[in-house]
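And the structure:
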């Protein structure tokens, strides 16, 4: 158990819909990262927040947005969903800003039908 | 931008054979980390290397960081079924850049 929690574990929805994925970091961690992993693919970095502020952006689509709240939990919002958005979405957390060790949550499996 | 290249993408081995995955960066890395993702699981941190030429061992796993701090390798001796999964390297200076991963598959 990494100490990072993600909800929900599974999500099935239809094209065009909007969903919100939630992540709670490990106690004491200020950074939260979001990754997308399509079937048998690598980890695609989406976005990083540190202490409530956006710090780094990867290949995140404009249809996707995220935020980190004062209690440090984070939400990833995916809108106008397409079939290709079906993937595992991982949240990770770390203590600091840069190249600290990242601790991953169990992931949310999103299926878009 | 900075990239971390990892090869091979897949490696099929007989149980008991060795396995190696390599990571290369075009620029010097402040550190390199290795993670393992079991099938159906999430990436789990294995180790971090910081010093030039550093070698660390964890039982049958040997991790190396190159002298120029631009490359790294993970070697598993005498693979077991518990080693199955995808091994990722991640390195960088201002943020972690992830390799594409190497999937270790044990031949039946």
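Protein chains in written order, with the working numbering: chain A, -10 to 102; chain B, 50 to 157.
Each residue gets a CB set at the ideal place from its N, CA and C atoms; glycine is no exception.
Our two residues, residue 69 of chain B and residue 127 of chain B, have alpha carbons roughly 11 Å apart in a direct line. Residue 18 of chain A sits buried, since 16 or more C-beta atoms from the chains shown fall within 10 Å of its C-beta. Within 10 angstroms of the beta-carbon of residue 40 of chain A lie fewer than 16 other beta-carbons, which makes it exposed. Short of 6 Å from the beta carbon of residue 32 of chain A, and not among the five residues preceding or following it, lie these beta carbons of its own chain, in chain order: 24, 26. Under the DSSP assignment, residue 139 of chain B falls in the beta strand (DSSP E) whose first and last residues are 134 to 141. Think of a sphere of 8 Å around the beta carbon of residue 58 of chain A: no beta carbon from chain B falls inside it, the nearest being about 22 Å out.
Flagged as an interface residue toward chain B: residue 91 of chain A, by a C-beta distance shorter than 8 Å. Against chain A, the CB of residue 91 of chain B has a partner CB under 8 Å away; the residue lies at that interface. When the Cα atoms are used, residue 54 of chain A and residue 46 of chain A turn out to be separated by approximately 11 Å.
Residues of the stretch 141 to 152 of chain B with a C-beta less than 9 Å from any C-beta of chain A: 141, 142, 143, 144, 145, 146, 147, 148, 149, 150, 152, listed in chain order. Beyond the five residues adjoining it in sequence on each side, residue 98 of chain B comes within less than 7 Å, by CB distance, of 80, 81, 105, 112, 114, 121 in the same chain, given in chain order.
Nearest to residue 43 of chain A by C-alpha distance, out of A/30, A/63, A/6, is A/63. In the DSSP assignment, residue 119 of chain B is bridged to no other residue. Close partners of residue 97 of chain B in chain A (Cβ separation under 7 Å): 90.
Closer than 8 Å to the CB of residue 137 of chain B there is at least one CB belonging to chain A. Residue 120 of chain B has a beta carbon lying at 8 Å or more from every beta carbon in chain A. Here residue 90 of chain A carries a coil assignment [DSSP, helix/strand/coil].
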